[in-house]
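If you count the sequence shown from 1, position 7 lands on 7 in UniProt numbering, and the numbers rise without skipping.
See structure below.
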Amino acid sequence: MAGATVINHPLVQHKLTHMRMKETSTQGFRRLLREISVLLTYEVTRDLPITSIGIETPLQPMDAPIIEGKKLVFASVLRAGNGLLEGMLELVPAARVAHIGLYRDPETLKPVEYYFKAPEDLSERLVVVVDPMLATANSAIAAVQRLKDRGATNLRFLCLLAAPEGVAKFESAHPDVPIFTAAIDEKLNDHGYIMPGLGDAGDRMYGTK
Ligand code: PRP
Ligand code: URA
Numbered sequence: 001m002a003g004a005t006v007i008n009h010p011l012v013q014h015k016l017t018h019m020r021m022k023e024t025s026t027q028g029f030r031r032l033l034r035e036i037s038v039l040l041t042y043e044v045t046r047d048l049p050i051t052s053i054g055i056e057t058p059l060q061p062m063d064a065p066i067i068e069g070k071k072l073v074f075a076s077v078l079r080a081g082n083g084l085l086e087g088m089l090e091l092v093p094a095a096r097v098a099h100i101g102l103y104r105d106p107e108t109l110k111p112v113e114y115y116f117k118a119p120e121d122l123s124e125r126l127v128v129v130v131d132p133m134l135a136t137a138n139s140a141i142a143a144v145q146r147l148k149d150r151g152a153t154n155l156r157f158l159c160l161l162a163a164p165e166g167v168a169k170f171e172s173a174h175p176d177v178p179i180f181t182a183a184i185d186e187k188l189n190d191h192g193y194i195m196p197g198l199g200d201a202g203d204r205m206y207g208t209k
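This is how it looks when you write it as structure tokens:
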């Protein structure tokens with residue numbers, strides 16, 4: 001089992017508290033999500049394998065560290081994943097990007113796919129799937145399965161908030177995919193919302209209802 005890592009950095013926790021507050025504006029919510037995504041990316045990439053290359057500084061040659069392997073892929077689960085994606089690309093500008101369009105049917109809570117576009121060579125790259133919310137985990141499980149079906153074998157799932165029920169379900173569906181999250185909240189409510197949560201991430205990001 002790959003397990004769930006809670007990113008407890010004080011800046012992450014402080015920003016998350018402001019995102020939870022119901023009085024935080026759409027503009028504030030988006031800015032906080034972009035800022036927090038940079039910090040989350042730092043943690044999710046912390047153990048990437050390093051190799052070295054020979055370079056020359058202005059003073060002498062040296063072997064210097066660089067990240068090994070092909071460019072990363074960030075796979076954004078639309079819409080809300082895009083709020084994390086922006087800051088991630090600031091930190092890793094050469095990353096490739098996949099988009100997976102999914103929405104959660106409000107009655108069945110099952111994901112409905114409306115878009116999929118990903119780089120060809122997923123099997124050779126680390127794929128970080130991003131979506132702020134892991135609630136029932138139905139969306140995350142479907143997004144990861146879609147990427148596996150297209151050849152991805154090395155994946156991580158990055159979110160902002162998770163429900164314990166979602167973590168357990170995701171781990172049993174994809175035990176090989178580690179979860180990184182800023183918090184694991186108390187529970188899901190009867191409508192599949194994370195409690196206490198922050199509400200509907202997509203709606204809060206884009207000012208929709
Ligand atoms: C939200 C969220 C996740 C999903 C999580 O998306 O961004 O994708 O719900 O719920 P689950 O774990 O129960 O599947 P939503 O369907 O509201 O779409 P949106 O991002 O377009 O608003
Ligand atoms: N999707 C959200 O945006 N929020 C939740 O609490 C659950 C699913």
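Think of the CB as a built atom: it goes at the ideal place given N, C-alpha and C, for glycine as much as any other residue.
Since this is a predicted model, take the numbers as computed values, not measurements.
Rank the options by C-alpha distance to the C-alpha of residue i and give the top, closest one.
| i | options | result |
| --- | --- | --- |
| residue 180 | 57, 140, 106 | 140 |
| residue 177 | 57, 15, 87, 137 | 137 |
| residue 158 | 10, 29, 36 | 36 |
| residue 44 | 129, 93, 94 | 129 |
Tell me whether residue i is buried or exposed, calling it buried when 16 or more other Cβ atoms sit within 10 Å of its Cβ.
| i | result |
| --- | --- |
| residue 132 | buried |
| residue 33 | buried |
| residue 209 | exposed |
| residue 189 | exposed |
| residue 111 | buried |
| residue 48 | exposed |
What number of angstroms, rounded off, separates the C-alpha of residue i from the C-alpha of residue j?
| i | j | result |
| --- | --- | --- |
| residue 195 | residue 170 | 18 Å |
| residue 55 | residue 66 | 11 Å |
| residue 5 | residue 122 | 24 Å |
| residue 192 | residue 186 | 12 Å |
| residue 125 | residue 17 | 33 Å |
| residue 156 | residue 200 | 23 Å |
| residue 12 | residue 114 | 32 Å |
What distance in whole Å lies between the Cβ atoms of residue j and residue i, which are believed to be in contact at a cut-off of 8 Å?
| i | j | result |
| --- | --- | --- |
| residue 1 | residue 175 | 5 Å |
| residue 100 | residue 146 | 6 Å |
| residue 118 | residue 150 | 6 Å |
| residue 75 | residue 135 | About 18 Å separates the two Cβ atoms, so there is no contact after all. |
Item to complete: Give me every residue whose Cβ sits closer than 5 Å to any heavy atom of the ligand URA, in chain order.
Response: Shown in chain order are the residues whose CB sits closer than 5 Å to a heavy atom of the ligand URA: 133, 135, 193, 194, 197, 200, 201.
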